[in-house]
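The structure appears right after this line, and notes come after that.
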Amino acid sequence: MNAELRFWKSVEELRSDAGAEREVARDCFAGQRAQTGPPPPVSRRDFLTLAGFGLAAAAAACSRGSVQKAIPMLNQPEQMTPGVASYYATTCGGCGAGCALLVKTRDGRPIKIEGNAESAVFGGATCAAGQATVLSLYDDARLKGPLLRGQPAAWADVDAHVSARIAAAAAARKRVVLLSRTILGPATRRLVREWSSRPGFEHVTRDAVSYAALRDATRASFGVDAIPHYRFGGASVIVGIEADFLGAWLSPVEFTREYAGRRRPESGALMSRHVQFESGLSLTGSNADIRVPIAPSEQGLVALALLHRIARRHGGIEVPEVDESSLDAGALDKAADDLWRARGASLVVCGAHDEATQTLVHAINTHLGNIGRTVDLDNVSLQKQGDDAAFARLVEDMADRRVDVLILYGVNPAYDAPDADRFVAAMERVPLTVSFADRLDETAARADVVCPDHHFLEAWGDAEPIARVCSLAQPTIAPLFDTRAAQESLLAWQGRTPDFYEYLRAYWRETLFPAQDRYDTFDEFWDRSLHDGVFARSPRPASEHRFDGDCARAAAGVVREHAQAIADARGGYHLHLYEPVGVRDGTHANNPWLQELPDPVSKVTWGNYAAIAPALASRLALADGDVVAVEAGGHRVELPVLVQPGQSAQTISIALGYGRTRAGRVAEGIGVNAYPLAQSIGGRRRYARAGVGLTRTGRRDPLAATQTHHSMEGREIVKQTTLASFLESPPPGAEAHADMPNLWAEHPRGEHNWGMAIDLTSCTGCSACVTACQAENNVPVVGRDEVRRGREMHWIRIDRYYAGSEDAPETLVQPMMCQHCGHAPCEPVCPVLATVHSSDGLNQQVYNRCVGTRYCENNCPYKVRRFNWFEYARNDRFDFNMNSPLGEMVLNPDVTVRSRGVMEKCSLCVQRIQAGKLEATREGRAIADGDIQTACQQVCPADAIVFGDLADPSSRVSRLSRQQRRYRVLEELGTRPNVTYLAKVRNA
Amino acid sequence: MRASVLLIAAVVAVTSAGLVARTLARVGVHQGYAPEQPIAFSHKLHAGDSKVPCLYCHSSARTSRHAGIPSVNVCMNCHSMLTKQTVDIERLKEAVQRRQPIVWTKVHNLPDFVYFNHSQHVGANVACQSCHGPVETMARVRQEAPLTMGWCLDCHRTRGAELQRSRMAWAHADPNAPLPVTDCGKCHY
Chain C
1 MNAELRFWKS VEELRSDAGA EREVARDCFA GQRAQTGPPP PVSRRDFLTL
51 AGFGLAAAAA ACSRGSVQKA IPMLNQPEQM TPGVASYYAT TCGGCGAGCA
101 LLVKTRDGRP IKIEGNAESA VFGGATCAAG QATVLSLYDD ARLKGPLLRG
151 QPAAWADVDA HVSARIAAAA AARKRVVLLS RTILGPATRR LVREWSSRPG
201 FEHVTRDAVS YAALRDATRA SFGVDAIPHY RFGGASVIVG IEADFLGAWL
251 SPVEFTREYA GRRRPESGAL MSRHVQFESG LSLTGSNADI RVPIAPSEQG
301 LVALALLHRI ARRHGGIEVP EVDESSLDAG ALDKAADDLW RARGASLVVC
351 GAHDEATQTL VHAINTHLGN IGRTVDLDNV SLQKQGDDAA FARLVEDMAD
401 RRVDVLILYG VNPAYDAPDA DRFVAAMERV PLTVSFADRL DETAARADVV
451 CPDHHFLEAW GDAEPIARVC SLAQPTIAPL FDTRAAQESL LAWQGRTPDF
501 YEYLRAYWRE TLFPAQDRYD TFDEFWDRSL HDGVFARSPR PASEHRFDGD
551 CARAAAGVVR EHAQAIADAR GGYHLHLYEP VGVRDGTHAN NPWLQELPDP
601 VSKVTWGNYA AIAPALASRL ALADGDVVAV EAGGHRVELP VLVQPGQSAQ
651 TISIALGYGR TRAGRVAEGI GVNAYPLAQS IGGRRRYARA GVGLTRTGRR
701 DPLAATQTHH SMEGREIVKQ TTLASFLESP PPGAEAHADM PNLWAEHPRG
751 EHNWGMAIDL TSCTGCSACV TACQAENNVP VVGRDEVRRG REMHWIRIDR
801 YYAGSEDAPE TLVQPMMCQH CGHAPCEPVC PVLATVHSSD GLNQQVYNRC
851 VGTRYCENNC PYKVRRFNWF EYARNDRFDF NMNSPLGEMV LNPDVTVRSR
901 GVMEKCSLCV QRIQAGKLEA TREGRAIADG DIQTACQQVC PADAIVFGDL
951 ADPSSRVSRL SRQQRRYRVL EELGTRPNVT YLAKVRNA
Chain X
1001 MRASVLLIAA VVAVTSAGLV ARTLARVGVH QGYAPEQPIA FSHKLHAGDS
1051 KVPCLYCHSS ARTSRHAGIP SVNVCMNCHS MLTKQTVDIE RLKEAVQRRQ
1101 PIVWTKVHNL PDFVYFNHSQ HVGANVACQS CHGPVETMAR VRQEAPLTMG
1151 WCLDCHRTRG AELQRSRMAW AHADPNAPLP VTDCGKCHY
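So the sequence lines, in the order shown, correspond to chains C and X.
In terms of this note's numbering, the first sequence has 475 at position 475, counting the first letter as 1, and numbering is strictly consecutive.
One rule links them: number in this note's numbering = place in the second sequence (from 1) + 1000.
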């Protein structure tokens, strides 16, 4: 494996000679690097004097510890025991996908989010953003109560004010508009329908990132007013055109789960092939078997060229010829061949914000016979229903003073509309604006009345993300602040009882209860649905869908646009805006876990950047961190450059979702807002444009990247092969180093031997595990400056390697955490025995013994140990929502909050191992395989991580560890890790 | 003369060093700690004289890491029917009427870096008194054991090992395998 490829982690590393590689920053020197400036004034002698005095003073003062109080409940509910976790099924409100969740609460506080395994669609997994939503619950930037003209007010006064104004508007036959994001809940949808069906009342839907083109194209092509439900599990050939479906597009958890299910090399020909055409290197593109960089203006051309080839093979379809000179014809031919061979079991998805392109993609899927198979038009996705045209009309009407009352529900157009200034100006012409925002965001700050909605973990609700797949949402905690569900506000202003719980029950009683025959009474049905969290009706069978789209017109449109883009781009660059995996559309900008989550591909934290191709960077003499000005359509933003291998040659990629000004303290000053760079064509938003200017400013703003801190100095740590060569001659596994002599005595083996297997073919690098681990293990957030110094604290990281050329590299990812070595290099160097081996194969870190020599960190070949340079808890310098009395509520009480000066690292979730052992003992049985799941394993939508007992030969982890693809990282060092990796197999 | 001065100096030095070491070793050890409580609840009266089982009030010790201090509704299970009136019972009833939970002072405190689970020990039939001393004789609860790691390990190495062996025999594990009873990660994580 890896015979001819040279792996590299950054462009500097690829280009540098061996000597320069020594310069690559390593974590073990992070401390020294940071110690610049004059030496401290305290001499060694002074230090010893002070230390001696301090010790004596401590001894004198500590004879009695601080008095601790214990406050039992006044009246303890029967189902609640202090110290025992309860789980509640609910529905995620983190993005528009609406995944089913299971929320762990301890002593009445939600502390961890898991996927709900009862859900057939979403499974027991979540994404990074879903994991982090629990921290947003305890965000101090949330509003503590309603505001009337900027002043705190009582709900009764707010209601009186708003109701009177709405009644006056209705009486005067003026318009009352509710502007909301896509409403996933069928009960809320009905409530909003009732609200807006009265004369003068109107409802407009708008999503921060638009999917309107796809929806409009589906309506025009098939007469179905929705987004199709894509079934990646049924696709053996997938072609993606600028659709980051594993990262942030539409429903990433579901898509990752289905996609990874088809990435099993052992299944041979059943393993899917994935071709991606895209401009920036996305998470999805980094997983593709074949990735072809294109300019954003070429998306339509790619669709047209593919359609052309499919039509030729199909016969009998007229598709106009097109000039393909700018495209890679070979890759297109191959992709079309693969698609055609797998017709009926292939899938083309496209993230273009252009109706013509989406129409062509629908035509391709139709001619491939995918409709009804991988493209479901009978059980459609109800996830993104935003209507750009309606929103554009609304802004016009507002500017013309035709709107009297505007209610904003889950939207923030003053931040994320491409022409936000126009919206803000129009908003001032609306006599009454009411916002349901949870914080005083960019739009709510300009509203007359703010009626903060609950966090979704405090609220009742339901969701129907896919037609006929319903889930319920229930409160997991009483509202922390004086907030009210938006639905209840709407009910109150209609003069109805503001009780959404009863409304929800009534909806389920009337609509869903009759749709099942398992339960005789509604209460039984309700209790069961609430317990399970999900209620799915059997899907509608596939029906005939005729393609009615106008391909000729779409083709002409695509060609015209491309010509226009080429004309525009003369002397400029293309711009590509995308939704990042962490903060997504900007909703999570004040969530420090997501700000500190390294981008899955670039590994940059805390802020966005302008990604440019290495060749362009050389030509313009730009390097990582050089600040450039990007100008488009009269807007100018300044942000640092990232040299991104695989980036399309003339394209600048910038992430949306940053540059929030009013999200809260964490988000302040982080990144720049790229939404104004988007354009609005005919009211429809486009996240790409041509003719963009790029100029150097001369400033530098070093990126806070975790990328070069962990260089493994060119050793073969990730192995990959192709499917063809894997099937022909399966590679030898770990035998290469199995019989290496060892100087150390074997550790005595106890009853268990905990270990892990990680499949690099399944792993997409989505980084959900990083956030899950952070939530489970109380991993602190250190902030941008500390990340720049290489002091991030994540216990699990996703290493990313490039192979091949820098214009079109292959990307490999590898989750890396403590390998729990059988002969751990960290153990013998610890002078105080703070890191020792346990009887069940774990490498234990004992915080209370650790004195912080960091010898272990220096001696760890995997560089997975993390040092607490500061007291991160209860420290104003590191106030990242976890450290206030409010934020502390998110901490896992079963895991120590580490203090300054101690080392820490992955414990394989030893608290879960102990809890699993305890439960088995209490129930008088042996631990079954799968009883204990680590946090990273549980969250993984790709099922890439398996934890278990290596002492049990029949356990899943043991079976995987015997697989032919197995290897252990750096096993030539004789460390004997308990973590096995399965080599990456690419179906190229 | 000189020798005796040196001798005295040496004795003083050794004694004071010993005293310092002794003091340092006792930092954080609160054996004998018996704080005053907001209600002078007597375990002697309840657990001793009236023979109320420990787990009647501390029911979560069976299922949770915390033994738990009973919530006021548990107290009222009996006290709503008992006619005896004292100042302390008045305070209890006042808490119910004012809907104010009682703020007790915790007697047995472990450092944050130790995980201790009551249910694990109760499930292994360790008597409450093994760690808490003869509570049924205490009018005011005091910390009987030192609650130091060495003290925990004394029992883990003997009682714990015995229990573990019997459990492993029952689970058909290798009887000669090392026992996890003294693994650091058993309590420290």
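Glycine included, C-beta positions come from ideal geometry on N, C-alpha and C.
Inset, instruction - Could you tell me the distance, in whole angstroms, from the CA atom of residue 223/C to the CA atom of residue 377/C? - result: 10 Å
Inset, instruction - Could you work out which residue in 216/C, 278/C and 848/C is closest to residue 577/C when comparing CA atoms only? - result: 278/C
Legend entry - Residues of the region 1052 to 1079 of chain X whose Cβ lies closer than 7 Å to any Cβ of chain C, in chain order: 1060, 1063, 1064, 1065, 1066, 1068, 1069, 1070, 1071, 1072 and 1073
Legend entry - Buried or exposed by the 16-neighbour rule on C-beta atoms within 10 Å, applied to residue 1005/X: exposed
Inset, instruction - Check the Cβ-Cβ distances between residue 463/C and every residue of chain X, and say whether any is below 8 Å. - result: no
Inset, instruction - Determine the chain C residues that contact residue 1123/X at a beta-carbon separation under 9 Å, and present them in chain order. - result: 918, 921 and 922
Inset, instruction - Could you tell me the distance, in whole angstroms, from the CA atom of residue 1062/X to the CA atom of residue 85/C? - result: 15 Å
Inset, instruction - Output, in chain order, the set of chain D residues within a Cβ distance shorter than 7 Å of residue 890/C. - result: Considering every chain present, this structure includes no chain D. Its protein chains are C and X.
Legend entry - Of the residues 653/C, 551/C, 952/C and 518/C, the one placed nearest residue 356/C, counting alpha carbons only: 551/C
Legend entry - Identity of the residue in 1188/X, 1175/X and 1146/X nearest residue 1032/X by Cα: 1146/X
Inset, instruction - Identify, in the order they occur along the chain, each residue of the same chain with its Cβ nearer than 6 Å to the Cβ of residue 593/C, setting aside the five sequence neighbours on each side. - result: 132, 135, 771 and 774
Inset, instruction - Name the residue from 299/C, 236/C, 293/C and 294/C whose alpha carbon lies nearest to the alpha carbon of residue 269/C. - result: 236/C
Legend entry - DSSP-derived helix/strand/coil call for residue 656/C: coil
Legend entry - Chain-ordered chain X contacts of residue 840/C [CB-CB under 7 Å]: 1180
Legend entry - Neighbour-count burial assignment, residue 1169/X, 16 or more Cβ in a 10 Å radius: exposed
Inset, instruction - Output yes if chain X places a C-beta closer than 8 Å to the C-beta of residue 69/C; else output no. - result: yes
Inset, instruction - Check whether the Cβ atoms of residue 126/C and residue 92/C lie closer than 8 Å to each other. - result: yes
Legend entry - Interface flag, residue 1044/X vs chain C, CB-CB below 8 Å: no
Inset, instruction - Have a look at 297/C, 401/C, 574/C and 129/C and flag the residue whose alpha-carbon is nearest the alpha-carbon of residue 650/C. - result: 574/C
Inset, instruction - From the DSSP output, in three-state form, read off residue 196/C for me. - result: helix
Legend entry - Between the CA atoms of residue 1185/X and residue 937/C - distance to the nearest angstrom: 20 Å
Legend entry - residue 112/C - partner residues in DSSP beta bridges: 104/C
Legend entry - Minimum Cβ-Cβ distance from residue 1002/C to chain X less than 8 Å: For residue 1002/C there is no data in the structure shown, the boundaries of chain C being 1 and 988.
Inset, instruction - Determine the chain X residues that contact residue 847/C at a beta-carbon separation under 8 Å, and present them in chain order. - result: 1113 and 1188
Inset, instruction - Would you verify that the beta carbon of residue 1190/X is, or is not, closer than 8 Å to some beta carbon of chain C? - result: As displayed, chain X neither begins before 1001 nor continues past 1189, which places residue 1190/X out of reach and without an answer.
Inset, instruction - Identify the contact partners of residue 1097/X in chain C, using a Cβ-Cβ distance below 7 Å as the criterion. - result: Those do not exist, as residue 1097/X stays about 11 Å from chain C at its closest Cβ, beyond 7 Å.
Inset, instruction - With a threshold of 16 other CB atoms inside 10 Å of the CB of residue 1078/X, please say whether the residue is buried or exposed. - result: exposed
Inset, instruction - Measuring only between beta-carbons, confirm whether residue 487/C sits less than 8 Å from chain X. - result: no
Inset, instruction - May I ask you to list, following chain order, the residues of the region 73 to 88 of chain C that have a beta carbon less than 9 Å from some beta carbon of chain X? - result: 73, 74, 75, 76, 81, 82, 83 and 84
Inset, instruction - Find out if the Cβ-Cβ distance for the pair residue 233/C, residue 266/C is shorter than 8 Å. - result: no
Legend entry - Nearest-angstrom Cα separation, counted from residue 917/C out to residue 894/C: 15 Å
Legend entry - Candidates 292/C, 674/C and 439/C: closest to residue 665/C by CA position: 439/C
Inset, instruction - Just grab the DSSP bridge partners of residue 470/C for me. - result: 535/C
Legend entry - Buried or exposed (CB count within 10 angstroms, at least 16 for buried), residue 697/C: exposed
Legend entry - Contact with chain X by residue 27/C, beta-carbon distance below 8 Å: For residue 27/C, the predicted model reports a pLDDT of 42, less than 50, meaning its position is unreliable; a value from the coordinates is still stated below. It does not; no Cβ of chain X falls within 8 Å.
Legend entry - CB contact check: residue 1185/X to chain C, cutoff 8 Å: yes
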